Amino acid sequence: MSESIRPRIRVPDQAAPGEVVEILAMLTHPHDSGHRTDPATGTTIARHIVERFTCRLDGALVFEATLHPAVAANPYLAFELTAERGGRLDFEWIDDRGAVFTAEAELRVI
Amino acid sequence: MILQRRRFLIRAAGAAAALVLGGLPAAGGSGRARAEADAAEAAIRAAAGGAEIRDGAELIALELPTYVEDGNQVPLAASVQLPEGERVAAIHLFADGNPNPEIARFRFGRPGPRARVATRIRLHRSQVVTVLAEAENGRVYATAAEVEVVMGACS
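These protein sequence lines map, in sequence, to chains A and B.
All residue numbers for the first sequence refer to the numbering used here, where the first residue is 93 and numbers rise by one.
All residue numbers for the second sequence refer to the numbering used here, where the first residue is 3 and numbers rise by one.
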C-alpha cells in the first residue's frame, strides 16, 4: 500500500552557527526482508525494502544511507549535522521497486 | 554477562593486520551459525577494502542493548570520534547471525572528526554486531558488541 508510505522528519527550528544538530528521518514503509512467511497463506512475503536514503543541504549531499533487510520496518535514521549555514534540506528515500518518497525542511542558522 | 565472541586482533607483524574470529564458537555451534559468522567476516573484510582493521574500541561507542525481547526492533546507535586530523567518511554495520551480514552503510557528505548515527535493526537470534568506521584517509576502525535476543526477527 504505497499510499500508507509516508516520510516523517524532524529538524530543529533553528541552530547557532557551528552547532551540531540531530536530524531524524523515518519512512513508514514495510521494509519487508523477504525472509518472512505470511501466517495466513504460508507463502513468503516478497522482499520490499528501502534501499537508499539521502539528505542534501541546498543540493549538496550531507548524509547517505544504504539499507539492507536487517534494518527494521519503518526505517528510522537519526544523524548529526554541523550547522555551518542554513538552507533547504531535501530528504529522499528510494525502495527496491523504484518508488521515490521525498520530504523537505528548512534549516535556519542564526 | 555474556562473553564477547568476536575480537579484533591486530597482528603485530606482517603487512596486513587481520580481523580474527576469536574465542568461543557461536551459540549451538551449528553449521548455519558458523556459515553466517564466516559471511559476516567476509563482508567486514570487503568493506575494509584491504585496509588494516584497527581496534576501534576507544574511538567508537556502540550503543546496543545487551538483552532484547524482540529482535524485530533493536535500537542501535554508533558514535565515532576519530584521532586528530582524521575525519569520518562512513560507518558500516554488520550482523554475525542474520541470513545476510550487511545491515546498513552510512556516508557523510561533509566528513568531520566525529559522527553519530542511530537506527533500529532486525536480529534473527543472539549474536554479535560489528560497527566499522571508515576514515577519509582510508583508515578503518572496528568494534563489536554482543546482544542476547529472546525472540528473533521473523524468518
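The beta-carbon is built from N, C-alpha and C at its ideal position, and this holds for glycine as well.
Source: prediction; values computed, not measured.
Over the uninterrupted beta strand (DSSP E) stretch that includes residue i, give me the two end residues.
| i | result |
| --- | --- |
| residue 71 of chain B | 69-72 |
| residue 78 of chain B | 76-83 |
| residue 202 of chain A | First-last for residue 202 of chain A: undefined, no H or E at that position. |
| residue 179 of chain A | 179-187 |
| residue 114 of chain A | 111-119 |
| residue 95 of chain B | 90-97 |
| residue 121 of chain B | 116-123 |
| residue 129 of chain B | 129-137 |
Check the C-beta distance from residue i over to residue j and give it rounded, since I have them as a contact under 8 Å.
| i | j | result |
| --- | --- | --- |
| residue 103 of chain A | residue 199 of chain A | 6 Å |
| residue 138 of chain A | residue 126 of chain A | 6 Å |
| residue 81 of chain B | residue 118 of chain B | 4 Å |
| residue 58 of chain B | residue 144 of chain B | 5 Å |
| residue 90 of chain B | residue 114 of chain B | 7 Å |
Go ahead and pull the three-state DSSP assignment for residue i.
| i | result |
| --- | --- |
| residue 40 of chain B | helix |
| residue 141 of chain A | coil |
| residue 155 of chain B | coil |
| residue 195 of chain A | strand |
| residue 23 of chain B | Note that residue 23 of chain B has pLDDT 42, beneath the 50 cutoff, so the model's placement of it is unreliable and the number below is only indicative. Three-state result, residue 23 of chain B: strand. |
| residue 97 of chain A | coil |
| residue 132 of chain A | coil |
| residue 145 of chain B | strand |
| residue 47 of chain B | helix |
| residue 10 of chain B | Only weak support is given to the placement of residue 10 of chain B: the predicted model assigns it a pLDDT of 46, under 50, and the value that follows is read from those uncertain coordinates. DSSP places residue 10 of chain B in coil when its eight states are reduced to three. |
| residue 102 of chain B | coil |
Chain B contacts from the region 150-173 of chain A (Cβ-Cβ distance under 9 Å)
152, 153, 154, 155, 156, 157, 158, 159, 160, 161, 162, 163, 164, 165, 166, 167, 168, 169, 170, 171, 172, 173
If the cut-off is 7 Å on Cβ atoms, which residues from the region 80-106 of chain B count as contacting chain A, listed in chain order?
97, 100, 101, 102, 104, 105, 106
Name, going along the chain, the residues of the region 126-150 of chain A whose beta-carbon falls closer than 7 Å to a beta-carbon of chain B.
127, 128
Mind listing which residues of the region 123-147 of chain B have their C-beta closer than 9 Å to chain A's C-betas, in chain order?
123, 124, 125, 126
Return the residues of the region 109-121 of chain B that lie within a Cβ-Cβ distance of less than 9 Å from chain A, sorted by chain order.
109, 110, 111, 112, 114, 116, 117, 118, 119, 120, 121
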